[in-house]
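For reference, the structure discussed in these notes is given below.
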Amino acid sequence: MQHGFLKVAVATPSIRVADCKYNAQQIIALIKRAEQDGAALLALPELCITGYTCSDLFMQDALQRGALGALSEIMAASRDTEMLLVVGMPLTVRHSLFNCAIVLQRGSILGVVPKTYLPNYSEFYEKRLFAPAPDTVSAIHVLGSEVLFGSKLLFCCTTMHDFILGIELCEDLWSPMPPSSQLALHGATVIANLSASDEAVSKAEYRRKLVQVQSAKLSCGYLFCSAGDGESTTDVVFSGHDMIFENGALLAEAPPFGCGYAVSEIDLQFISRERRRHARSGDFDDSYTRVPFTLPLHETALTRSYWKTPFVADTPEERERRCDEVFSIQAHGLKKRLAHTNAKKAVIGVSGGLDSTLALLVCVQAMSLLGRPADDIAAVTMPCFGTTARTKSNAEKLCDALRIPCRTIDISASVTQHLKDLGHPLDLHDVAFENAQARERTQVLMDLSNINGGIVVGTGDLSEIALGWSTFNGDHMSMYDVNAGVPKTLMRNMLEIFASRADGLLAEVLADILATPISPELLPAKDGEIVQQTESVVGPYTLHDFFLYHAIRRGEYREKIQRLAEYAYAGIYSAETIAHWLDTFYRRFFSQQFKRSCMPDGPRIGNVSLSPRGDWRMPSDAVSDIWRR
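Under the working numbering, the first residue of the sequence shown is numbered 1, with each subsequent residue one higher.
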């Protein structure tokens, strides 16, 4: 449970219809398995103690006694476990039969939650057998103990305050107003759904989407467990579909007709932060009853996946789709800006690097959307002291491949004169030496835009914006930055996709651009080779994008980001390397906010944006100490 992780499990026992004693033994075996896996919560299907398909046998006293006897066995077997258990069974209360979830811990019943919505259509006839949940919470007696009974119960962990469990059963989720929605609004961070959802063609995908959307809407962890093997197949078949979702993301799944068991870790700290961001809970009325329980606190071993490049999709198909989506957002954003300003030209500096390459491709697409020729793009390459023949050639070849006129303006003489005017030695390669080149390039572009009645298209990407890796009032500035929302890892992935789709000269030059070390080329080359490599100065962009996502999108603190990075990059980067570059990230992120405070317009691409007019508002003089400890 360290860092807010709660290990949870969902399972489907292999049962026999109406054989409660046998079913209890199967449930106990799953309890032991989940306990061995370190789970703090185990959810089991609807009516699994008896079987969902008992039909009119539910009205028989023999089955009622058998179910209570099985519950007693489960309670005795779980007396020594700290794990929270949620198990389904029928229960008679005040002469009415209810379809219930029993919440257990340490061999005792914490509460009983009856089903609210009873399906009574197609293959379902629950209203024939069961009564719906009452509106109020009351005390009942089960196996000699007084316990709370009702649908408005919240089970609240006193040792892990972000863990608040709400329960709903099967049809409850399928209804227009699921009980889980109100449970979440009243504080529930984890929902357990005990279900008996029979299988039909395409139903599994619909069920999966239903759970996914509900977990996203509520910003919660959602456990779904369903009846499976052993249920009657008289008219329908049950597949045992079990899922664990967190805020719309699938963490683990036992697919239909699968193993009937899934385990993962829900990040309760993240859920709590999402709740604060969206104000999705906070009702403090007393209509819901809170049932306290305790869990011992210990470190939770991680088994869930943490993708090394969170801005890049984890499947080829999704990467292709996302590439096209991002590119379309960029191009339509620029299209609007060009049209609104009546710009005759899109003026862009082309360096032969990743950023300007993607920006140039966006310019081409924007002009196409406007029905305008590529000649309306004014591409300029501006070699200076650090420019290599390789990058200059790639810039020119790229323009040739795209049939865009490219102008070369060598700025070496003007920068030399500028440094002489300042009395700055030409052999002193300090920050002034570097920035003079960047600012001269921006001046050239701005002046060309005025001459041509155009706008300067910026090329700086989201990763550079986060780290402040730009020259203030140099490459930091433009009239519209099409890459402002694109992190470096995503940009590289997009260009790889475009290269795979291209042929001829375009494919050749994109491949070489991708193979070229990332560099601002502001220091003189040595033997024609790049000597200034960005990632050796600020650190690997793959790490920085990981830090950016988890620090800004998920709001994690340093210790937790360190742990997640070590987990994701195990065998690639050492803990010491990660710690070093993480400190660099925080130091630069805080110290460079002043650049972001006056950054140019540009399209928001994904769930991280650093625009001062949009997602990120931060004082330029904030102190980073508590983030760097």
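Every residue, glycine too, gets a C-beta built ideally from N, C-alpha and C.
Would you report the Cα separation of residue 519 and residue 470, rounded to the nearest angstrom? Taking the first residue of the sequence shown as 1, we reach residue 519 at position 519. Taking the first residue of the sequence shown as 1, we reach residue 470 at position 470. Cα-Cα distance, rounded: 11 Å.
Tell me which same chain residues have a C-beta within less than 6 Å of the C-beta of residue 521, skipping the five on either side of it? Reading the sequence shown from its first residue, position 521 is the one you call residue 521. Excluding positions up to five away in sequence, the list reads 386, 387.
Looking only at DSSP bridge pairs, what is residue 111 linked to? Indexing the sequence shown from 1 puts residue 111 at position 111. Answer by DSSP bridge pairing, in chain order: 103.
Kindly indicate the opening and closing residues of the beta strand (DSSP E) around residue 86. As a first step, residue 86 is located in the sequence shown; it is residue number 86 there, counting from the start. Its beta strand (DSSP E) spans residues 84-93.
Outcome for residue 477 when other beta-carbon atoms lying within 10 angstroms are tallied against a minimum of 16: What you label residue 477 is simply residue 477 of the sequence shown in a count that begins at 1. Buried: at least 16 other Cβ atoms inside 10 Å.
In the DSSP output, which residue or residues are listed as bridge partners for residue 141? Here the question's residue 141 lines up with position 141 in the sequence shown. According to DSSP, which records beta bridges pairwise, residue 141 is partnered with 146.
Whole-angstrom distance between residue 622 and residue 588, CA atom to CA atom: Here residue 588 corresponds to residue number 588 of the sequence shown, with the count starting at 1. Here residue 622 corresponds to residue number 622 of the sequence shown, with the count starting at 1. Cα to Cα, residue 588 sits roughly 12 Å from residue 622.
Please report the straight-line C-alpha distance between residue 254 and residue 96, rounded to a whole angstrom. Within the sequence shown, numbered from 1, the residue matching residue 254 stands at position 254. Within the sequence shown, numbered from 1, the residue matching residue 96 stands at position 96. Cα-Cα distance, rounded: 34 Å.
Under 8 Å between the Cβ atoms of residue 266 and residue 8? On the sequence shown, position 266 is the one that residue 266 refers to. On the sequence shown, position 8 is the one that residue 8 refers to. Going by beta carbons, residue 266 and residue 8 fall inside the 8 Å limit.
Beta-bridge pairing of residue 238 - partner residues as DSSP gives them: Locating residue 238 in the sequence shown gives position 238, counting from the first residue. 198, per the DSSP bridge assignment.
Top-ranked residue by Cα proximity to residue 411, from 579, 438, 429: For the purposes of this step, residue 411 is taken as residue 411 along the sequence shown, with counting starting at 1. Residue 411 has its Cα closest to that of 438, out of 579, 438, 429.
What are the start and end residues of the beta strand (DSSP E) that includes residue 261? Counting from one through the sequence shown, the residue named residue 261 turns up at place 261. Taken as a continuous stretch (DSSP letters only), the beta strand (DSSP E) holding residue 261 covers 261-267.
State whether the region 449-467 contacts the region 284-304, with contact taken as three or more CB pairs (one from each stretch) at a distance under 8 Å. Result no; under three Cβ-Cβ pairs closer than 8 Å.
Count the other CB atoms, across all protein chains shown, that sit within 10 Å of the CB of residue 297; report buried if there are 16 or more and exposed otherwise. Counting from one through the sequence shown, the residue named residue 297 turns up at place 297. Around the beta carbon of residue 297, a 10 Å sphere encloses fewer than 16 other beta carbons of the protein chains shown; the residue is thus reported as exposed.
Alpha helix (DSSP H) segment containing residue 575, residue limits: Within the sequence shown, numbered from 1, the residue matching residue 575 stands at position 575. Its alpha helix (DSSP H) spans residues 575-591.
Return yes when the Cβ of residue 195 is within less than 8 Å of the Cβ of residue 13, no when it is not. Working through the sequence shown from its first residue, we reach residue 13 at position 13. Working through the sequence shown from its first residue, we reach residue 195 at position 195. No, the pair does not count as a contact, with Cβ atoms beyond the cut-off.
Rounded to the nearest angstrom, what separates residue 86 and residue 586 at their Cα positions? Along the sequence shown, one-based indexing puts residue 86 at 86. Along the sequence shown, one-based indexing puts residue 586 at 586. The alpha-carbon atoms of residue 86 and residue 586 are separated by roughly 43 Å.
Starting from residue 290 and walking both ways along the beta strand (DSSP E), at which residues does that stretch end? Against the sequence shown, residue 290 aligns to sequence position 290. Membership of residue 290 in the beta strand (DSSP E) is indicated by the continuous run 289-293.
Whole angstroms is fine: what's the gap from residue 549's alpha carbon to residue 356's? Along the sequence shown, read from residue 1 onward, the residue named residue 549 stands at position 549. Along the sequence shown, read from residue 1 onward, the residue named residue 356 stands at position 356. C-alpha separation (whole angstroms): 23 Å.
Where do the ends of the alpha helix (DSSP H) carrying residue 556 lie? Position 556 of the sequence shown, counted from the first residue, corresponds to residue 556. Looking at the DSSP string, residue 556 is not in any alpha helix (DSSP H), and its letter there is neither H nor E.
May I have the straight-line CA-CA distance separating residue 590 from residue 562, to the nearest angstrom? Sequence index remark: in the sequence shown, residue 590 carries index 590 (1-based). Sequence index remark: in the sequence shown, residue 562 carries index 562 (1-based). Distance between the alpha carbons of residue 590 and residue 562 is about 18 Å.
Do you know offhand how far residue 362's Cα is from residue 371's? The sequence position of residue 362 within the sequence shown is 362, counting from 1. The sequence position of residue 371 within the sequence shown is 371, counting from 1. If you draw a straight line from the Cα of residue 362 to the Cα of residue 371, it comes to about 14 Å.
Pull up the distance between the alpha-carbon of residue 609 and that of residue 599, whole angstroms please. Position 609 of the sequence shown, counted from the first residue, corresponds to residue 609. Position 599 of the sequence shown, counted from the first residue, corresponds to residue 599. Distance between the alpha carbons of residue 609 and residue 599: 12 Å.
Relative to the alpha-carbon of residue 179, which residue among 154, 399, 4, 163 has its alpha-carbon at the smallest distance? In the sequence shown, counting from the first residue as 1, residue 179 sits at position 179. Out of 154, 399, 4, 163, 154 has the C-alpha closest to the C-alpha of residue 179.
Alpha-carbon spacing of residue 307 relative to residue 317, whole angstroms: By 1-based counting over the sequence shown, the position of residue 307 is 307. By 1-based counting over the sequence shown, the position of residue 317 is 317. In this model, residue 307 and residue 317 are separated by some 16 Å (Cα to Cα).
In the DSSP output, what is residue 243 paired with across the bridge? Counting from one through the sequence shown, the residue named residue 243 turns up at place 243. Within the DSSP bridge table, the entry for residue 243 names 224, 253 as partners.
How long is the line joining the alpha carbons of residue 42 and residue 198, rounded to whole angstroms? In the sequence shown, the residue the question calls residue 42 occupies position 42. In the sequence shown, the residue the question calls residue 198 occupies position 198. C-alpha separation (whole angstroms): 21 Å.
Is residue 481 helix, strand or coil when you go by DSSP? Counted from its first residue, the sequence shown places residue 481 at position 481. In this structure, DSSP gives residue 481 an extended state, which the three-state scheme calls strand.
Beta-carbon contacts of residue 74 that lie in its chain and below 8 Å, excluding the five residues immediately before and after: Numbered from 1 along the sequence shown, position 74 holds the residue referred to as residue 74. Excluding sequence neighbours, residue 74 sits near 24, 27, 28, 31, 49, 85, 87, 104.
Are residue 332 and residue 369 closer than 8 Å when you measure CB to CB? Reading the sequence shown from its first residue, position 332 is the one you call residue 332. Reading the sequence shown from its first residue, position 369 is the one you call residue 369. The beta carbons of residue 332 and residue 369 sit closer together than 8 Å.
Candidates 499, 67, 159, of which the one nearest residue 513 by Cα: For the purposes of this step, residue 513 is taken as the residue at position 513 of the sequence shown. Closest by alpha carbon: 499.
Hey, out of 146, 384, 501, 36, whose CA is closest to residue 414's CA? For the purposes of this step, residue 414 is taken as the residue at position 414 of the sequence shown. With distances taken between Cα atoms, residue 414 lies closest to 384.
For residue 232, which residues of its own chain have a beta-carbon under 6 Å away from its beta-carbon, when the five flanking residues on both sides are left out? Indexing the sequence shown from 1 puts residue 232 at position 232. Here the set comprises 17, 53.
Out of 72, 68, 61, 82, which one is the CA nearest neighbour of residue 35? The sequence position of residue 35 within the sequence shown is 35, counting from 1. Checked all of 72, 68, 61, 82; the closest Cα to residue 35 is 82.
Is there contact here, the region 160-169 with the region 256-276, by at least three beta-carbon pairs under 8 Å? Touching, yes.
Would you mind giving the Cβ-Cβ distance between residue 455 and residue 341, rounded to the nearest angstrom? I have them listed as a contact below 8 Å. Counted from its first residue, the sequence shown places residue 455 at position 455. Counted from its first residue, the sequence shown places residue 341 at position 341. Indeed, because the Cβ distance is near 6 Å, the residues count as touching under 8 Å.
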